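Heads up: the sequence shown begins at 10 in the UniProt record's numbering, then just goes up one per residue.
Everything on this sheet refers to the single structure shown next.
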Amino acid sequence: NEIYLQGLAGTTPAFSTDPTTLDGAASGVLTPEAYGYVAGGAGSGATMHANREAFDRWKIVPRMLTGATERDLSTTLFGATLPVPVLLAPIGVQTIVHPEGELATARAAAALGVPMILSTASAHTIEEVAEAGGDGPRWFQLYWPSDDEVCASILARARAAGYSTLVVTLDTWTLAWRPQDLDRAYLPFLKGEGTAIPLSDPAFRARLPRPPEEDLPSAILQWVGMFTGTDHTWEQLPLIRKLWDGPILLKGIQHVDDARRAVAAGMDGIVVSNHGGRQVDGALGALDALPGIAQAVGEKIEVLFDSGVRTGADVLKALALGAKAVLLGRPFVYGLGLAGEEGVRHVLRSLLADFDLTLGLSGHRRPAELSPAALHRD
Ligand code: FNR
10 NEIYLQGLAG TTPAFSTDPT TLDGAASGVL TPEAYGYVAG GAGSGATMHA
60 NREAFDRWKI VPRMLTGATE RDLSTTLFGA TLPVPVLLAP IGVQTIVHPE
110 GELATARAAA ALGVPMILST ASAHTIEEVA EAGGDGPRWF QLYWPSDDEV
160 CASILARARA AGYSTLVVTL DTWTLAWRPQ DLDRAYLPFL KGEGTAIPLS
210 DPAFRARLPR PPEEDLPSAI LQWVGMFTGT DHTWEQLPLI RKLWDGPILL
260 KGIQHVDDAR RAVAAGMDGI VVSNHGGRQV DGALGALDAL PGIAQAVGEK
310 IEVLFDSGVR TGADVLKALA LGAKAVLLGR PFVYGLGLAG EEGVRHVLRS
360 LLADFDLTLG LSGHRRPAEL SPAALHRD
């Protein structure tokens, strides 16, 4: 309503949140390296396409006269009530698209009460982002380093800074073949951009022969070595449990047996995700993995979803297929690149308004009313 009313007064939004043009608008303002890093995927890009195709195969079947005028979008996760079933996905080194990076994102998320999941590869420190987010809900994402003491230090800092919930990303134990970045020899970390968390961590610094200020290239190489090519197994998950006394989710689950293993390992949730098609080229669309996994473990642990969410209808489809909430990824990064904090807010509010209207117009009052019966598969 606000946007329509502003329009009557001659004011239109700073940029369009039309999902078919947002990405193009961002490509106009970002450097080719930054844009390529955000928009790119693994290999041929087949998995990114599969993510969208999976959404397109499902159609919503609207119901009429259901009294959906009044709606309540809230949902409960790990005992906390969220105003909407949407979180901001962990995205590393956000300063590559905007100088305020994660600080701007934290402020925008907090203003809407939406949890921001802070990446291990954040450009600002855990403590700085916590402060920027004020009272907003905060979750932390772990890239599981090979060094247990560094792992313990990062998690202890996140707990002390008030992060409630931990998301352990399993699908990026090493970086995939990403032609968009390889062609430009681009890795944001290696450019010396956005290295605050790893390089500022005291346990990490204690490992270095010389402080990063004196020898940045070797500090960065040491960090990359600690976070890539790691060889953890399911048997080591108790270590994470020992280091984190809040809820833990595993991110990057795509096989029903891995979902069952997460339950057996005592995890509190999973994120069904293929990292936005950035890791395995030729993988199945993430939404195609969701129904079977939700059916197998949805009663036992919380099932969240990401990879390909662009519209309110996408949120509805993922919830109908068994997700309790979804993570928004690239679209908010484009908003950040286009207009900083205001841009993230605009993208998020637009998605939420779109979801609210689509939920109501398809005949539902609450996310909990959604089930596969709301959909038809082509
Ligand atoms: C990511 N993603 C990611 N995931 C994670 O666990 N830690 C991270 O640091 C990052 N960094 C990151 C950077 C960029 C530029 C992108 C696009 C993605 C993956 C992210 O959390 C999420 O799984 C995907 O973004 C979902 O795909 P879509 O919906 O954005 O296409």
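From the three backbone atoms N, C-alpha and C, an ideal C-beta is built for every residue, glycine too.
Just so we're clear, the structure is a prediction, and the values are computed from it rather than from any experiment.
Own chain partners of residue 116 with C-beta closer than 6 Å, once the 5 adjacent residues on each side are dropped: The residue you call residue 116 lines up with position 107 of the sequence shown. Correct list, in chain order: 141 and 350.
Give me the Cα-Cα distance between residue 176 and residue 18, rounded to the nearest whole angstrom. For the purposes of this step, residue 176 is identified with residue 167 of the sequence shown, where counting begins at 1. For the purposes of this step, residue 18 is identified with residue 9 of the sequence shown, where counting begins at 1. Using only the alpha carbons, I get a separation of about 44 Å.
Which term fits residue 29, buried or exposed, when burial requires 16 or more other beta carbons within 10 angstroms of its beta carbon? As a working mapping, residue 29 is identified with position 20 in the sequence shown. Answer is exposed; the Cβ neighbour count stays below 16.
Quick check: does the Cβ of residue 58 come within less than 6 Å of any heavy atom belonging to the ligand FNR? To locate residue 58, count along the sequence shown from 1; it is residue 49. Outside the cutoff, so no.
Relative to the ligand FNR, is the shortest distance from any of its heavy atoms to the C-beta of residue 81 smaller than 6 Å? The residue you call residue 81 lines up with position 72 of the sequence shown. It does not: the Cβ of residue 81 is nowhere closer than 6 Å to a heavy atom of the ligand FNR.
First through last residue of the beta strand (DSSP E) which encompasses residue 68: As a working note, residue 68 is residue 59 in the sequence shown. From DSSP, the beta strand (DSSP E) with residue 68 extends over 67-69.
Beta-carbon contacts of residue 25 that lie in its chain and below 8 Å, excluding the five residues immediately before and after: Numbered from 1 along the sequence shown, position 16 holds the residue referred to as residue 25. Once the five neighbours on either side are set aside, the close Cβ partners of residue 25 are 31 and 34.
Whole angstroms is fine: what's the gap from residue 107's alpha carbon to residue 279's? As a working mapping, residue 107 is identified with position 98 in the sequence shown. As a working mapping, residue 279 is identified with position 270 in the sequence shown. Looking at the two C-alpha atoms, the distance is approximately 30 Å.
Residue 150: CB within 6 Å of a non-hydrogen atom of the ligand FNR: Mapped onto the sequence shown, residue 150 falls at position 141. Indeed, a heavy atom of the ligand FNR lies less than 6 Å from the Cβ.
With distance defined between alpha-carbon atoms, name the residue in 363, 233 and 291 nearest to residue 50. Within the sequence shown, the letter at position 41 stands for residue 50. Minimum Cα distance to residue 50 is reached at 291.
Near residue 257, which residues of its chain fall below 7 Å by C-beta distance, leaving aside the five closest residues on each side in sequence? For this step, residue 257 is matched to residue 248 along the sequence shown. Cβ within range, chain order: 175, 177, 249, 250, 276 and 277.
Use the C-beta contact count for residue 323: other C-beta atoms within 10 angstroms, 16 or more gives buried, fewer gives exposed. For the purposes of this step, residue 323 is identified with residue 314 of the sequence shown, where counting begins at 1. So residue 323 counts as buried.
Residue 341 beta carbon less than 7 Å from that of residue 112: Your numbering for residue 112 matches position 103 in the sequence shown. Your numbering for residue 341 matches position 332 in the sequence shown. No; because the gap between Cβ atoms is not below 7 Å, this pair is not in contact.
In the DSSP output, what is residue 390 paired with across the bridge? Outside the shown range of the chain (10 to 387) lies residue 390, about which nothing can therefore be said.
State yes or no: is the C-beta of residue 321 nearer than 6 Å to some heavy atom of the ligand FNR? Counted from its first residue, the sequence shown places residue 321 at position 312. For the ligand FNR, not one heavy atom lies less than 6 Å from the Cβ of residue 321.
Are residue 243 and residue 270 close, meaning C-beta to C-beta below 7 Å? Taking the first residue of the sequence shown as position 1, residue 243 is located at position 234. Taking the first residue of the sequence shown as position 1, residue 270 is located at position 261. Cβ atoms of residue 243 and residue 270: closer than 7 Å.
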